[in-house]
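Undergrad: My structure is below; once you've seen it, I'll send some questions.
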Amino acid sequence: MARRPVTRSAWGARAPFADPSGAKGFWAPFSRAPAHRHVGYRVPLAGWHGRDFSVAFLSDLHLGSHTDDRRRLSAILAEVEAMQPDMVLLGGDHMNMMSFGGGRIPPETIAAELKTLSAPMATVLGNHDWEYGLDAVADAFEAAGISVLENRAVEIPVDGAAVRIVGLADDVHGEPQPALVGAGAGAEIVVSHDPGVIQDLPDGCVLLSGHVHAGQIRIPGLPVLHMPPSRIPRAMAHGHHRIGRRHLIVSAGLGCSTIPLRLFAPPEVVTVTFVAETAA
Numbered sequence: 001m002a003r004r005p006v007t008r009s010a011w012g013a014r015a016p017f018a019d020p021s022g023a024k025g026f027w028a029p030f031s032r033a034p035a036h037r038h039v040g041y042r043v044p045l046a047g048w049h050g051r052d053f054s055v056a057f058l059s060d061l062h063l064g065s066h067t068d069d070r071r072r073l074s075a076i077l078a079e080v081e082a083m084q085p086d087m088v089l090l091g092g093d094h095m096n097m098m099s100f101g102g103g104r105i106p107p108e109t110i111a112a113e114l115k116t117l118s119a120p121m122a123t124v125l126g127n128h129d130w131e132y133g134l135d136a137v138a139d140a141f142e143a144a145g146i147s148v149l150e151n152r153a154v155e156i157p158v159d160g161a162a163v164r165i166v167g168l169a170d171d172v173h174g175e176p177q178p179a180l181v182g183a184g185a186g187a188e189i190v191v192s193h194d195p196g197v198i199q200d201l202p203d204g205c206v207l208l209s210g211h212v213h214a215g216q217i218r219i220p221g222l223p224v225l226h227m228p229p230s231r232i233p234r235a236m237a238h239g240h241h242r243i244g245r246r247h248l249i250v251s252a253g254l255g256c257s258t259i260p261l262r263l264f265a266p267p268e269v270v271t272v273t274f275v276a277e278t279a280a
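Quick look at the structure:
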């Protein structure tokens with residue numbers, strides 16, 4: 001796929017923002033977030049022979065896209081902490097690059113909020129993070145102790161056994177390196193912001209992604225009418241999909257882009273329970 005050149009909007013300036021608290025002023029009454037839900041999947045993991053373990057997956061925070069988003073995120077993180085996942089993986093697009101309505105929250109603030117979770121954590125970056133400034137977002141998260149996986153991998157232990165987490169760069173703005181997948185031994189989970197990269201990955205892999213917001217604005221009974229640019233078919237804009245022996249999980253995400261509105265595409269926290277392949 002030919003990738004678009006990185007372009008930064010007029011709103012892409014780095015912090016300081018005019019109001020780093022995330023206040024939305026005039027737009028506040030029109031920008032309230034709908035109730036989020038919890039969605040769970042059970043997925044076999046090649047190379048894993050231990051107990052079932054859980055991963056909380058949070059994607060597309062776009063923090064500041066909704067009114068009172070910092071308080072909302074704190075409440076969501078409290079729910080995640082109570083779940084006691086073995087690890088937390090983040091699907092990118094932490095930043096709100098919406099072109100109206102304020103809600104500008106610096107990456108340092110977002111990273112500090114996320115770091116209140118006690119589970120090991122790693123993140124990839126999304127197209128809105130690239131537009132804000134890749135280095136600025138990555139530096140803020142690394143400074144908070146959150147591993148940023150732009151075409152690199154880390155190992156996170158589960159009961160003493162290593163699970164390899166491979167983070168691939170954004171499929172539109174970056175240059176993902178699929179050769180990293182399968183380069184290690186044992187169990188492996190792949191995270192990339194845009195689900196379109198699944199087309200380049202080998203059989204047997206598991207990919208966690210977001211980006212397309214489940215369409216964000218849906219009409220019941222009709223397929224997804226619009227979503228951000230991606231190589232993934234619109235019919236796969238949300239949920240757990242099996243493509244050969246590959247597993248793809250696409251989160252609806254938590255925030256919004258373009259406009260602070262969701263319709264029949266509720267925001268969600270995803271929990272994936274990974275099981276030994278023989279137990280599936």
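For the sequence shown, the residue numbers in UniProt numbering are 1 to 280. Each residue gets a CB set at the ideal place from its N, CA and C atoms; glycine is no exception.
(1) Hey, could you find the ends of the alpha helix (DSSP H) Val172 is sitting in?
(2) Am I right that Arg72 and Pro266 are in contact with their C-beta atoms under 8 Å? What's the rounded C-beta distance?
(3) What is the residue span of the alpha helix (DSSP H) that Ile110 lies within?
(4) Measure the C-alpha to C-alpha separation of Pro29 and Asn151 and round it to an integer number of angstroms.
(5) Cα separation between Phe53 and Ala78?
(6) Which whole-angstrom value is the C-beta distance of Ala111 and Ala144, which I expect to be below 8 Å?
(7) Roughly how many whole angstroms lie between the Cα atoms of Val275 and Ala119?
(8) Name, in chain order, the residues that DSSP records as bridge partners for His247.
(9) The beta strand (DSSP E) spanning Arg37 covers which residue range?
(10) CA-CA distance, Pro34 and Leu261?
(11) For Ala13, which residues from the same chain have a beta carbon less than 7 Å from its beta carbon, with the 5 sequence-adjacent residues on both sides left out?
(12) For a test of the three-state rule: what should DSSP assign to Leu180, helix, strand or coil?
(13) Note down, in chain order, each residue of its chain lying with its Cβ closer than 8 Å to the Cβ of Ala235, except the 5 sequence neighbours on either side.
(14) Give me the residue from Val154, Thr67, Ser192, Arg164 with the minimum Cα distance to Asp170.
(15) How big is the Cα-Cα spacing for Ile76 and Val270?
(16) Going by beta-carbon coordinates alone, are Ile249 and Leu208 separated by less than 8 Å?
(17) Would you tell me roughly how many angstroms separate the C-alpha atoms of Val6 and Gly50, rounded to the nearest one?
(18) Please name the residue in Asp129, Leu263, Pro106 whose C-alpha comes closest to that of Pro220.
(19) Just to check my reading of the structure: Gly210 and Asp60 have Cβ atoms closer than 8 Å, yes? What is that Cβ distance to the nearest angstrom?
(20) Would DSSP call Thr258 helix, strand or coil?
(21) Please identify the residue among Gly174, Leu125, Glu155, His173 whose C-alpha is closest to the C-alpha of Pro183.
(22) Which stretch, first to last residue, makes up the beta strand (DSSP E) that contains Ala276?
(23) Beta strand (DSSP E) containing Met87: first to last residue?
TA: According to the structure data:
(1) Walking along the sequence shown from the start, residue 172 turns up at place 172. Here Val172 belongs to no alpha helix (DSSP H), and DSSP marks it neither H nor E.
(2) Taking the sequence shown and counting its residues from 1, the one referred to as residue 72 is at position 72. Taking the sequence shown and counting its residues from 1, the one referred to as residue 266 is at position 266. Not confirmed; about 14 Å, so no contact.
(3) On the sequence shown, residue 110 is found 110 positions in, with the first residue counted as 1. Looking at the DSSP string, the run of the alpha helix (DSSP H) that includes Ile110 is 107-114.
(4) As a working mapping, residue 29 is identified with position 29 in the sequence shown. As a working mapping, residue 151 is identified with position 151 in the sequence shown. So the two alpha carbons sit approximately 40 Å from each other.
(5) As a working note, residue 53 is residue 53 in the sequence shown. As a working note, residue 78 is residue 78 in the sequence shown. Looking at the two C-alpha atoms, the distance is approximately 20 Å.
(6) The residue labelled residue 111 in the question sits at position 111 within the sequence shown. The residue labelled residue 144 in the question sits at position 144 within the sequence shown. Between Ala144 and Ala111 the Cβ distance is about 4 Å, and since that is below 8 Å, they are a contact.
(7) Residue mapping note: residue 275 aligns to position 275 of the sequence shown, counting from 1. Residue mapping note: residue 119 aligns to position 119 of the sequence shown, counting from 1. Spanning the two alpha carbons is a distance of roughly 19 Å.
(8) Against the sequence shown, residue 247 aligns to sequence position 247. Bridge partners of His247: Val206, Arg242.
(9) To locate residue 37, count along the sequence shown from 1; it is residue 37. Note, Arg37: beta strand (DSSP E), 37-45.
(10) Numbered from 1 along the sequence shown, position 34 holds the residue referred to as residue 34. Numbered from 1 along the sequence shown, position 261 holds the residue referred to as residue 261. Whole-angstrom Cα-Cα distance: 8 Å.
(11) Mapped onto the sequence shown, residue 13 falls at position 13. With a pLDDT of 43 at Ala13, under the threshold of 50, the predicted position of this residue should be treated as unreliable, though the coordinate-derived value follows. Answer for Ala13: no residue qualifies.
(12) Residue 180 sits at position 180 when you count from the first residue of the sequence shown. It is helical.
(13) As a working mapping, residue 235 is identified with position 235 in the sequence shown. Cβ within range, chain order: Pro223, Val224.
(14) For the purposes of this step, residue 170 is taken as the residue at position 170 of the sequence shown. The residue with the shortest Cα to Cα distance from Asp170 is Ser192.
(15) As a position in the sequence shown, residue 76 is number 76, starting the count at 1. As a position in the sequence shown, residue 270 is number 270, starting the count at 1. In a straight line, the C-alpha of Ile76 is about 12 Å away from that of Val270.
(16) Counting from one through the sequence shown, the residue named residue 249 turns up at place 249. Counting from one through the sequence shown, the residue named residue 208 turns up at place 208. Going by C-beta atoms, Ile249 is nearer than 8 Å to Leu208.
(17) By 1-based counting over the sequence shown, the position of residue 6 is 6. By 1-based counting over the sequence shown, the position of residue 50 is 50. Bear in mind that a pLDDT of 37 at Val6, under 50, signals an unreliable position, so the model cannot answer this.
(18) Position 220 of the sequence shown holds residue 220. When each option's Cα is compared against that of Pro220, the closest is Leu263.
(19) The count along the sequence shown starts at 1 and reaches residue 210 at position 210. The count along the sequence shown starts at 1 and reaches residue 60 at position 60. About 5 Å; that satisfies the 8 Å criterion.
(20) Translated into the one-based positions of the sequence shown, residue 258 becomes position 258. It is coil, neither helix nor strand.
(21) Your numbering for residue 183 matches position 183 in the sequence shown. The amino acid occupying residue 183 in the given sequence is Ala; Pro does not appear at that position. Comparing Cα positions, the closest option is Glu155.
(22) In the sequence shown, residue 276 corresponds to position 276, counting from 1. Segment 268-276, the beta strand (DSSP E) holding Ala276.
(23) In the sequence shown, residue 87 corresponds to position 87, counting from 1. Here the beta strand (DSSP E) through Met87 covers 87-90.
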